[in-house]
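Heads up: the protein sequence lines correspond to chains A and B, in order. For the numbering used here, count along the first sequence from 1 and bump the result up by 1325. For the numbering used here, count along the second sequence from 1 and bump the result up by 16.
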Amino acid sequence: MASPLPQMLLDGLFTGGTYALMAAGMALILGVVKVINLSHGAFFTLGAYVAYALAERGVETPLAAAPLAAVIAFAFGVFLGKSFINPARKHPFALPVGTLACALLFEQSAQMVWGPHPLSIEAGDPWIGPGGLVIRRWGVIAFLSSAVLLGGLKWVLSARPGLPLRLIAEDEEIAGSLGMDVEAIRYTTFGGACAMAAAAGALLSPSGAVTPTMGRAPLLLSLVVVIVAGMDSVAAIFLLSIGLGIFGNACAWLLSPQWSYVALLAAVCLLLSARPAGLVVQACRRDG
Amino acid sequence: MSRWGGLPSGPWAARYRGGWLAAGIGLLLLFPLSSPDAFFLDVFTTGFLLAAFAASWDVVGGVSGQITLGHALPFGAAAYACALLTSLAGWPLPLAVAAAILLAAAMGTGIGALSAPLAGPFVALLTLALGEIAHEAAVGNTFFSGPGGYAWGGEGGIPVALPWRDAPPFSSYYAALAFLCIASFGMLRFSRSGAGLILRAVAGSPITAQASGVPIARFKRLAFTVGSAFAGAAGAGFVIHVGRATATDLSLELSFQAATFAAVGGRGTIVGPVVAALVLHVLFQGLSLSPSTRVLLYSMTLLVTLRFFPGGVVGTARDLASRLGGKEGTRTPRGRVRNRNGGGTP
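Shown next, in the form of structure tokens:
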């Protein structure tokens, strides 16, 4: 039997690369809206359920599901950003608890609509590579789509259209005084980031079980990525997500799937204890 | 401020609030005597314990402004400790309860020490992660295995060995009500003590408090210790009432419920979360809604509250009442000022 190591690395690469899309959305929200969005995982789940619903109706390609999921998530994200996040930004209590409420609201609604049981999407036959290596077709497509989208994001952020985002992240008051509609840019960014999470969910849906709480692990992964890699470099987010994807896969392989979630939780605790000031200082500097 | 020249007036004025509380307790004492259904007695008994839990959340999240989303951790840990110590180790119940409360308090000190250097939403993040780790540990079937070869833990939970068999519902009701009154009184006294005042200052502005010479890390630890001890007591009471410690006692949903009760009732008031917990729990549970419908309704209630009543439904109503009722409202400036500023801003 072939060594499981290459298989583990490959699967982790595909999964982690797609998670990077979601983590980049989280970083965007943190940088521009300056909010820790605990409902980010719910949008990931939404994307997966959209893919499942489409697959049930015969459209078995996540490439079709991802844009649809992204549009739906964008609409919900804009609604959430405009009607809740923006007005509640001044209340430090309202944000973590409120976004958690959104996540739980979505989890329970999904459970009512699709039931609590894990659902699966037919992924098609994998390709068999050298040495019996199983190459999941949708893993490859998801990874490539995610890489292309992230490349696009990096380009947008560094080019002229991304200037307002960078300016608001740097100094909101100057952006406002230059005549930019800061509030509108905030909720549009929030919607866009939610769309990225949903697209990641749709792309990753054939590689695992679709459950109402499936978004919790990617949410934590995004948080770890944002705490460690910061919000400035898309490349750092991409690489770290791949690293964490491989790490999570190794945990699931060596121990049990449940352990990769616990490992991510432990990583959040350790990181917050180790560098309590890291992220906060950055956020404050940007606010000031 | 008052159209009535500052004279205390109106039935909702602050000086009459104690009377309304006494009337509420009187009604609750009278309720079992009206020979209601055992189901409703059970709903109220659980409601009293959850209300004490919500008040203990308020000590941490309201009075001292440390937004915890893992408050189920001391609650569930005490419940599990109670069940394990009585069933597996054969300890007498009072000793197990005392040990469970001590454990919860120690856990609170630990959580407080870990989260003291963190600001604002990161406290929420850390406590959420700690709570979820405990929940996952409790769900995993392999963690505990009882004597006789069958597995304990997991979804089925661990039974608690009680010295009595089938307590009559009304005695559980009165015991839980007594516990709620004593615990709320204790927490109210704590929140109005010198330490409570300092904690409110820490919640309002940590930097100002620090500049005034307050050791803020120590006081944050104190808030977590006291809040967790009361949460542990509520957890021990809960497991004695239900008879079994399950992973639900450690769930994120439970922590979230406590935060919802506090947000609806008005954070930092202790009594507000108790009232909100009683009303919402009795309403939702009394209608026999499924657990997922209840979580759905709690989330919606919370979102509506946060959006339209940032000071809590009870807090906003109180502000309105004190505006109508005259100058009396000025007796509660702390709660109102704190609600407007929110918790510790990073």
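We put the beta carbon where it would ideally sit given N, CA and C, even for glycine. All values reported here derive from a predicted model rather than from experimental measurement.
Looking at the C-beta of residue i, does it have a partner C-beta in chain A at a distance below 8 angstroms?
i	result
P231(B)	no
P137(B)	yes
G323(B)	The sequence given here places Arg at residue 323(B); Gly does not occur at that position. So, interface residue.
S207(B)	no
S267(B)	no
S308(B)	yes
P289(B)	no
M203(B)	no
F240(B)	no
P90(B)	no
M123(B)	no
P222(B)	no
V311(B)	yes
Any Cβ of chain B within less than 8 angstroms of the Cβ of residue i?
i	result
Y1374(A)	no
A1599(A)	no
P1582(A)	no
L1430(A)	yes
L1548(A)	yes
V1384(A)	no
S1434(A)	yes
V1553(A)	no
C1594(A)	yes
H1442(A)	no
P1543(A)	no
Is the separation between the beta-carbon of residue i and that of residue j shorter than 8 angstroms?
i	j	result
G78(B)	A278(B)	yes
Y1374(A)	W1439(A)	yes
I1571(A)	L1334(A)	yes
A261(B)	G173(B)	yes
V242(B)	A95(B)	no
G251(B)	P90(B)	yes
T285(B)	L318(B)	no
A1428(A)	L1353(A)	no
G248(B)	F195(B)	no
L141(B)	V1593(A)	yes
V75(B)	S221(B)	no
S200(B)	A71(B)	yes
L101(B)	A112(B)	yes
A1542(A)	L1579(A)	no
L313(B)	A150(B)	no
What is the rounded straight-line gap between the Cα of residue i and the Cα of residue j?
i	j	result
A1398(A)	Q1436(A)	18 angstroms
H87(B)	G147(B)	7 angstroms
R181(B)	S1434(A)	40 angstroms
R14(B)	A292(B)	Absent from the structure is residue 14(B), since the part of chain B shown begins at 17 and ends at 362.
W1584(A)	S228(B)	45 angstroms
H1442(A)	V1535(A)	8 angstroms
K1415(A)	V1507(A)	15 angstroms
L1544(A)	E1432(A)	13 angstroms
A1560(A)	A217(B)	42 angstroms
S1581(A)	A1345(A)	23 angstroms
T143(B)	G1476(A)	35 angstroms
G1383(A)	L1596(A)	44 angstroms
L1330(A)	A1467(A)	21 angstroms
A1287(A)	V1587(A)	Absent from the model: residue 1287(A). The displayed extent of chain A is 1326 to 1613, so no value can be given.
G259(B)	V176(B)	5 angstroms
T1514(A)	V1357(A)	7 angstroms
E1447(A)	S1532(A)	9 angstroms
A115(B)	F186(B)	27 angstroms
V1459(A)	G1342(A)	18 angstroms
Q273(B)	Q1332(A)	42 angstroms
CB of residue i to nearest heavy atom of the ligand FMN: below 7 angstroms?
i	result
A245(B)	What this structure holds is no ligand at all, so the ligand FMN is not there to describe.
What alpha helix (DSSP H) runs, 4 residues minimum, are completely inside the region 307-341 of chain B? 307-324, 329-341
I want to know whether the region 209-222 of chain B touches the region 80-97 of chain B - three or more CB-CB distances under 8 angstroms. yes
Check whether the region 1363-1377 of chain A touches the region 1550-1565 of chain A, taking contact to mean three or more Cβ pairs, one atom from each stretch, closer than 8 angstroms. no
What beta strand (DSSP E) runs, 3 residues minimum, are completely inside the region 1465-1549 of chain A? If only complete runs of 3 or more residues are kept, the region 1465-1549 of chain A shows no beta strand (DSSP E) anywhere.
For the region 1491-1507 of chain A and the region 1416-1424 of chain A, state whether three or more C-beta atom pairs, one from each stretch, are separated by less than 8 angstroms. no
Under 8 angstroms: do the region 1517-1536 of chain A and the region 1347-1366 of chain A share three or more Cβ pairs, one atom per stretch? yes
Note down, one range per segment and in chain order, each alpha helix (DSSP H) of at least 4 residues found wholly within the region 81-127 of chain B. 88-103
Quick test of the definition: if touching needs 3 or more C-beta pairs under 8 angstroms, does the region 1395-1411 of chain A touch the region 1508-1523 of chain A? yes
For the 8 angstroms Cβ check, are there 3 or more pairs between the region 123-136 of chain B and the region 231-245 of chain B? yes
Completely contained beta strand (DSSP E) runs for the region 200-280 of chain B, where each covers 3 or more residues: none
Unbroken stretches of the beta strand (DSSP E), 3 residues or longer, contained in the region 1388-1429 of chain A: none
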